[in-house]
Amino acid sequence: DGGITQSPKYLFRKEGQNVTLSCEQNLNHDAMYWYRQDPGQGLRLIYYSQIVNDFQKGDIAEGYSVSREKKESFPLTVTSAQKNPTAFYLCASSIGGGPYEQYFGPGTRLTVT
Amino acid sequence: KNEVEQSPQNLTAQEGEFITINCSYSVGISALHWLQQHPGGGIVSLFMLSSGKKKHGRLIATINIQEKHSSLHITASHPRDSAVYICAVSGGGYGGSQGNLIFGKGTKLSVKP
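Protein chains in written order, with our numbering: chain W, 311 to 423; chain B, 36 to 148.
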């Protein structure tokens, strides 16, 4: 079955540690996205990538980093510079970088204490 | 003021009722998306539309481009429809930025048996 996987579903880290969230898709999509969701707020775009080896900052990129070395993978690293890292993180992909339907992964809930 | 506003924020209905969720936006768009988020956090795309009306089963989505307004209707609601419904718009920019979504805060729907 084609789809997007994120792992793990729940992640706990101590403050000051970097942590990498995994996102893999087997839909052969060119574009991939990382969003953050906080209670009472809409999803916000962290980073996006329209093609392998290229990515762009979204609205809230500070304290995050990404890589896109393979078409199917778009890992997100939450660095110690991110002031409020505790949140629900969602990865999505679409066939291209234009206005296409986006397919979402199940999300990773990160808690930093 | 948020660029994408949804109403109501919360909605409780009895099974069988006709439900309407509204979305207004203040930016130029290339498409509007309706998404469904279940309690576990996963998000599913319900509709993507840029004009007129789309129907899928008991769900109907309409958009009025001139008024910058969209509605999601659920006919014969059922407890399994209980979820958060999110309106998002694809930007009216150029190229890859058209894929970037601006999200509303969501409408939490609870359908009682």
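Even for Gly, the Cβ is constructed at its ideal location relative to N, Cα and C. These numbers come from a predicted model, not from an experiment.
Here the C-alpha atom of Thr-389/W lies approximately 10 Å from the C-alpha atom of Glu-325/W. When Ile-78/B, Val-124/B, Lys-147/B and Leu-67/B are compared, the shortest CA-CA separation from Lys-88/B is found for Leu-67/B. Annotated three-state conformation of Asp-116/B is helix, per DSSP.
At a cut-off of 9 Å between C-beta atoms, Pro-409/W counts as an interface residue with respect to chain B. Residue-level contact by beta carbon fails for Asn-57/B and chain W, as no gap is shorter than 9 Å. When 8 Å is used as the limit between beta carbons, Tyr-413/W is near these residues of chain B: Ser-80, in chain order.
Residue pairing from DSSP leaves Arg-378/W without any beta-bridge partner.
Interface flag for Asn-45/B against chain W is unset, since no Cβ pair is found closer than 9 Å. Ranked by how close their Cα comes to the Cα of Gly-406/W, the residues Lys-367/W, Pro-385/W, His-339/W and Leu-331/W have His-339/W in first place. Secondary structure note for Phe-138/B: its beta strand (DSSP E) is the uninterrupted segment 136 to 138. For Gly-87/B, the uninterrupted beta strand (DSSP E) segment begins and ends at 87 to 91.
In the structure shown, the three-state DSSP call for Ser-59/B is strand.
Excluding its 5 nearest sequence neighbours in each direction, Lys-147/B has C-beta neighbours in its own chain below 6 Å: Gln-49, listed in chain order.
Contact of Asn-135/B with chain W is assigned, a C-beta pair being separated by under 9 Å. Judged by DSSP in its simplified three-state form, Leu-337/W adopts coil rather than helix or strand.
When C-alpha distances from Gly-373/W are compared across Met-342/W, Thr-418/W, Pro-416/W and Arg-346/W, the shortest belongs to Arg-346/W. DSSP places His-68/B in the uninterrupted beta strand (DSSP E) bounded by 64 to 72. Shown here for Ile-56/B: same chain residues with a beta carbon closer than 6 Å to its own, the five before and five after excluded, namely Leu-107, Tyr-120 and Thr-142 in chain order. Ser-145/B counts as exposed, since fewer than 16 other C-beta atoms from the protein chains shown sit within 10 angstroms of its C-beta. When the Cα atoms are used, Gln-44/B and Lys-140/B turn out to be separated by approximately 8 Å.
Under the criterion of beta carbons closer than 8 Å, His-104/B and Cys-58/B qualify as touching, at roughly 7 Å. One alpha carbon belongs to Ala-341/W, the other to Gly-126/B, and they sit about 15 Å apart. Listed along the chain, the chain W residues whose CB falls inside 9 Å of the CB of Lys-88/B amount to none; the nearest CB is some 17 Å away. Secondary structure of Val-329/W (DSSP, three-state): strand.
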